[in-house]
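Residue numbers (full-length UniProt numbering): 1 to 155.
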């Protein structure tokens with residue numbers, strides 16, 4: 001080893017997301033931390049760490065299970081986490097809708113639950129906009145073939 005050579009070490013590990021289990025929870029904790037750092041909620045963070053956190057989140061979003069993990073976390077009490085999860089889900093629907101076929105019913109359930117929350121609770125306008133974008137993307141993929149009763153009145 002060359003002692004004068006400097007090694008850079010990633011402070012935010014790469015995601016290896018899996019659905020369910022302790023591994024996914026550990027990964028999810030790192031995702032939440034990266035969201036806090038990347039979105040600027042963690043004070044005293046240098047630019048390099050913020051960039052690493054942003055790259056970690058991009059890597060996570062590209063992992064095959066990212067949208068399913070985010071779907072399981074919605075709704076989330078933290079605004080930034082909710083925005084990240086909805087954005088991840090919307091992006092997954094937009095570019096890889098067919099890969100999510102096993103989860104269409106779950107996505108529909110989450111969309112309807114979120115719609116109820118948005119209609120009946122005070123929700124940040126930014127979160128509403130992200131949700132609507134996600135809902136419209138999902139709607140375009142599902143209606144009318146797979147979701148013909150979308151416009152039926154709900155209780």
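Each residue gets a CB set at the ideal place from its N, CA and C atoms; glycine is no exception.
Would a C-beta distance cut-off of 8 Å place residue i and residue j closer than the cut-off?
i	j	result
residue 82	residue 71	no
residue 138	residue 150	no
residue 56	residue 34	yes
residue 114	residue 131	yes
residue 66	residue 60	yes
Determine the direct distance from the alpha carbon of residue j to that of residue i, and round the result to whole angstroms.
i	j	result
residue 145	residue 62	28 Å
residue 39	residue 80	7 Å
residue 87	residue 94	10 Å
residue 111	residue 128	12 Å
residue 96	residue 28	21 Å
residue 156	residue 135	It is not possible to answer for residue 156, since the shown part of the chain is limited to 1 through 155.
residue 44	residue 51	14 Å
residue 99	residue 64	9 Å
Please list the terminal residues of the continuous alpha helix (DSSP H) segment that includes residue i.
i	result
residue 86	79-96
residue 59	47-62
residue 72	66-73
residue 151	First-last for residue 151: undefined, no H or E at that position.
residue 114	104-120
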